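Residue numbers (this note's numbering): 97 to 682. In this text, a Cβ means the ideal position worked out from N, Cα and C, and glycines have one as well. All values reported here derive from a predicted model rather than from experimental measurement. The structure appears below as structure tokens.
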Amino acid sequence: MTTTQHTDELVLKGIPASPGIAIGPALLFEKHKPVIHEKNIEVGEVESEIARLRQAVNRSTKELSKIHEFANQKLGEHEAKIFEAQLMILEDFVLFDSIEKRIRSERKNVEYIIHDEIEKYHRVMVSSTDEYTRERALDVEDLRNRIIRNLNEQRLISRLEGSPIVVAQSLAAADALILSRNAVLGYLTEIGGVTSHMALLARALTIPAVVGLRNVSSMVHNGETIIIDGYGGAVIIAPKDETIRRFEEKRDRYRIFEEKLHGLRDLPAETLDGRRVDLSVNVELTEELEFVKLQGADGVGLYRSETLLLGGEVFPSEEEQYQQYRLLADTMYPKGVIIRTFDIGGDKMMAHMVRENNPFLGWRGIRVMLDRPELFLEQMRAILRASARKNVSIMFPMISSIKEVRKAKQLLEDAKGQLKTRAIPYDENIKVGVMVEVPAAAVITEDLAREVSFLSIGTNDLIQYLLAVDRGNDIVSPLYQEFHPAVVRFLRRIIERGKSSKVWVGMCGEMAGDPLATILLLGLGLDEFSVVPHVLPEIKKIIRSVKYRDAKKIAKQVLDMQTEDEIKKYLSALMKEKMPDVLTGD
Ligand code: PEP
Ligand code: MG
């Protein structure tokens, strides 16, 4: 093994597929990819070629049966089912009959015919528009390679040295399982989604995994230290000592905490005295959804649709958008999904957008979309089409006046009319909400509430606009204060006025996922918390540990305080006393 080191730490972002943090040496796992040569065979060789085929199928069946048995013992019947589909292909008489027939009639070597026949299945699966089917293609490919390896009487590589983080272009379910017999710390792959069998097995085996990080195997050297964060998807190559320490701490804290969280997933986010709130998640990539479901979310409180645009030169078509929104709605069904219309501008520029001196105060969010009604209508038609099963709501960002809301709603009606003439189904009563993230919107909360069904507070922007502190500027970051008394009092105002105007009030800014803020927000009467997926269990635990009655008293105390320090100190002490095992901070 050659050990070359990067000198600088490299931070990358993949898709979290199995929770946990692993720190250790990378092991580049190169899967044996057979090279197939087409060869003609003599008539006299046909029978021995067929005998080879049968032997290889027998060996493969034996191998897979062992894997199946091992999965059964280690993970139970349900997870072991993954391998049944592969075993069923091996028992497919029609397939192997046609392979034998082709060997006889075409007189080609068995490797070539096997490859060709199974490739037919594989191609159809890989090009499927359905993510689930595409993921299954990896298993079919694995089966084909297994048979070919057995034809050549090669042995399976399953022994690994030491305790590595396995880095591979892709891993089949069987690889994930077999390799786990070694002391594997984690899996990192270039290909694969959260719904892949490999990801599913990693979760069942409680091995951290990050997937979908293109080209990562060409960036990592064998033996080099890496960190993978299966909660957030971060991957750090050649981490500095300080980074390692930080992640070790995070790993240990989460490990202890997760043991305590066990069993919380299917319980409601409800206080001890029966106040139930919605605990939803913020999602940027549909790939995250499987993880979201694992965490037991009540729905998606914010889907940042603009991630469909980033880096692109052109807007995706109505059809392309519809496919994404539908995938989101269908995956979460019957739970609800709030799709926020494109929030471009600010820090979320598209390549061809105009340059502005003050982008955060410029052409952003709803302002862009109202100036580009054709794009807006296209997006709203796509959202409406995805709403046919009635679990989708629509939300407008960066609202600062009633006029904008009315105009956006008018365009939504136009989009409905267009779909009606095309006889396309949609939810006629789709719920409409707005983000409260500009102070002006907060001031006119009651007026907004008359126009919509819900309000969602975007603290990320609200704080920067209220305190005049750029959310992305390091120099002023100490001034960006979630617990500034002005912020807390402003939140109280929005929540109270929204609720007395009979709409529900949620929060999808980062503050909703800050454990230090949970009791305060509960006490202020927030109806919905929409948080990044990996903090969800923690927030749920806090909500389930307090009485609403007490939370209200705590909020009342906080509202009287005059500095951020005072508020934070008070809340930290409270958490330490009441919930010493809860994680606060990263
Ligand atoms: C917010 O501003 O709080 C918010 C959730 O929106 P974004 O972070 O996407 O601007
Ligand atoms: Mg915002």
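Alpha-carbon spacing of V601 relative to D467, whole angstroms: Within the sequence shown, residue 601 is the residue found at index 505, counting from 1. Within the sequence shown, residue 467 is the residue found at index 371, counting from 1. About 28 Å.
DSSP beta-bridge partners of P112: On the sequence shown, residue 112 is found 16 positions in, with the first residue counted as 1. Partner(s): V306.
Assign R477 to one of two classes, buried (16 or more other C-beta atoms within 10 Å of its C-beta) or exposed (fewer than that). Counted from its first residue, the sequence shown places residue 477 at position 381. Under this definition R477 is a buried residue.
Have a look at I163, A511 and A537 and flag the residue whose alpha-carbon is nearest the alpha-carbon of L239. In the sequence shown, residue 239 corresponds to position 143, counting from 1. Of I163, A511 and A537, the residue nearest in Cα terms is I163.
Compute the minimum distance between the beta carbon of D557 and the heavy atoms of ligand 1, and state whether it is under 6 Å. Walking along the sequence shown from the start, residue 557 turns up at place 461. Indeed, a heavy atom of ligand 1 lies less than 6 Å from the Cβ.
Please state whether the Cβ-Cβ distance between A167 and A181 is less than 7 Å. Counted from its first residue, the sequence shown places residue 167 at position 71. Counted from its first residue, the sequence shown places residue 181 at position 85. Not a contact, by the Cβ cut-off of 7 Å.
Considering only C-alpha positions, which residue in the set H580, I498 and G458 is nearest to I540? Indexing the sequence shown from 1 puts residue 540 at position 444. Of the listed residues, the one whose Cα sits closest to I540 is I498.
Just to confirm my understanding: we take G328, look at its own chain, exclude 5 residues before and 5 after, and list those with CB closer than 7 Å. What are they? By 1-based counting over the sequence shown, the position of residue 328 is 232. Contacts found: P112 and H630.
Per DSSP, K527 is paired with what? For this step, residue 527 is matched to residue 431 along the sequence shown. S489.
How long is the line joining the alpha carbons of I590 and A538, rounded to whole angstroms? Counting from one through the sequence shown, the residue named residue 590 turns up at place 494. Counting from one through the sequence shown, the residue named residue 538 turns up at place 442. Their backbone Cα atoms lie some 6 Å apart in a straight line.
Rounded straight-line distance, which links the Cα of Y561 to that of T614: Working through the sequence shown from its first residue, we reach residue 614 at position 518. Working through the sequence shown from its first residue, we reach residue 561 at position 465. Their backbone Cα atoms lie some 22 Å apart in a straight line.
Using alpha carbons as the reference points, say which of R588, G395 and L404 lies closest to V628. For the purposes of this step, residue 628 is taken as residue 532 along the sequence shown, with counting starting at 1. The shortest C-alpha separation from V628 is found at G395.
On a Cα-Cα basis, can you pick out the residue from I440, L473, F472 and R640 that is closest to G458? Along the sequence shown, one-based indexing puts residue 458 at 362. Selected option, being the one with the closest Cα: I440.
Judging by CA-CA distance, which residue of L473, A647, E533 and D188 is the nearest neighbour of D369? Position 273 of the sequence shown, counting from 1, holds the residue named residue 369. Of the listed residues, the one whose Cα sits closest to D369 is A647.
Out of R593, F492, V599 and E578, state which residue places its alpha-carbon closest to the alpha-carbon of E606. Residue 606 sits at position 510 when you count from the first residue of the sequence shown. The option with the nearest alpha carbon to E606 is E578.
With a threshold of 16 other CB atoms inside 10 Å of the CB of P335, please say whether the residue is buried or exposed. Locating residue 335 in the sequence shown gives position 239, counting from the first residue. So P335 ends up on the buried side.
Assign I287 to one of three DSSP states: helix, strand, or coil. Here the question's residue 287 lines up with position 191 in the sequence shown. It is coil, neither helix nor strand.
Which listed residue (E145, Y283 and T285) has its alpha carbon closest to that of I244: Against the sequence shown, residue 244 aligns to sequence position 148. Nearest of E145, Y283 and T285 to I244, Cα basis: E145.
Identify every residue that forms a DSSP beta bridge with R436. The count along the sequence shown starts at 1 and reaches residue 436 at position 340. Answer is R400 and M491.
For V262, which three-state DSSP category applies? As a position in the sequence shown, residue 262 is number 166, starting the count at 1. Correct three-state label for V262: strand.
Does the Cβ-Cβ distance between L123 and P260 come in under 7 Å? In the sequence shown, the residue the question calls residue 123 occupies position 27. In the sequence shown, the residue the question calls residue 260 occupies position 164. Going by C-beta atoms, L123 is nearer than 7 Å to P260.
Assign T302 to buried or exposed, taking buried as 16 or more other Cβ atoms, counted over all protein chains shown, within 10 Å of its Cβ. The residue you call residue 302 lines up with position 206 of the sequence shown. When all chains shown are included, T302 counts as exposed.
Within a Cβ cutoff of 6 Å, which residues of the same chain sit near S668, ignoring the five residues on either side of it in sequence? Indexing the sequence shown from 1 puts residue 668 at position 572. Here the set comprises nothing.
Check whether the Cβ atoms of R436 and S401 lie closer than 7 Å to each other. Within the sequence shown, residue 436 is the residue found at index 340, counting from 1. Within the sequence shown, residue 401 is the residue found at index 305, counting from 1. The answer is yes: Cβ separation under 7 Å.
Is it buried or exposed, M97, if we count other Cβ atoms within 10 angstroms and call 16 or more buried? Here residue 97 refers to the residue found at position 1 when the sequence shown is read from its first residue. Annotation note: pLDDT 41 at M97 (below 50); position unreliable, no value reported.
Helix, strand or coil: how does DSSP classify T659 here? Residue 659 sits at position 563 when you count from the first residue of the sequence shown. Note: T659 maps to coil in three-state DSSP.
Check the DSSP bridge columns for D325 and list the partner residues they point to. Position 229 of the sequence shown, counted from the start, is the residue given in the question as residue 325. Bridge partners of D325: I117.
Enclosing alpha helix (DSSP H) for S314 [first to last residue]: Here the question's residue 314 lines up with position 218 in the sequence shown. From DSSP, the alpha helix (DSSP H) with S314 extends over V312 to M315.
Give me the Cβ distance between H218 and E202, rounded to the nearest whole Å; I'm assuming they're in contact under 8 Å. Residue numbering aside, residue 218 sits at position 122 when the sequence shown is read from its first letter. Residue numbering aside, residue 202 sits at position 106 when the sequence shown is read from its first letter. About 20 Å separates the two Cβ atoms, so there is no contact after all.
In whole angstroms, what separates the C-alpha of H133 from that of N248? The residue you call residue 133 lines up with position 37 of the sequence shown. The residue you call residue 248 lines up with position 152 of the sequence shown. Spanning the two alpha carbons is a distance of roughly 13 Å.
In three-state DSSP terms, what is K336? For the purposes of this step, residue 336 is taken as the residue at position 240 of the sequence shown. Reduced to three states, the DSSP call for K336 is coil.
Nearest by alpha-carbon distance to D523: which of R422, I553, G554 and E452 is it? Numbered from 1 along the sequence shown, position 427 holds the residue referred to as residue 523. That would be R422, whose Cα lies nearest to the Cα of D523.
Taking the continuous beta strand (DSSP E) assigned at S552, which residues delimit it? Within the sequence shown, numbered from 1, the residue matching residue 552 stands at position 456. F550 to I553 is the extent of the beta strand (DSSP E) around S552.
Which residues does DSSP list as the beta-bridge partners of K674? Start at 1 with the first residue of the sequence shown, and residue 674 comes out as number 578. DSSP lists no partner for K674.
At what residues does the alpha helix (DSSP H) containing E624 begin and finish? Stepping through the sequence shown from its first residue, residue 624 is reached at position 528. Premise fails: E624 lies in the beta strand (DSSP E), E624 to V627, not in any alpha helix (DSSP H).
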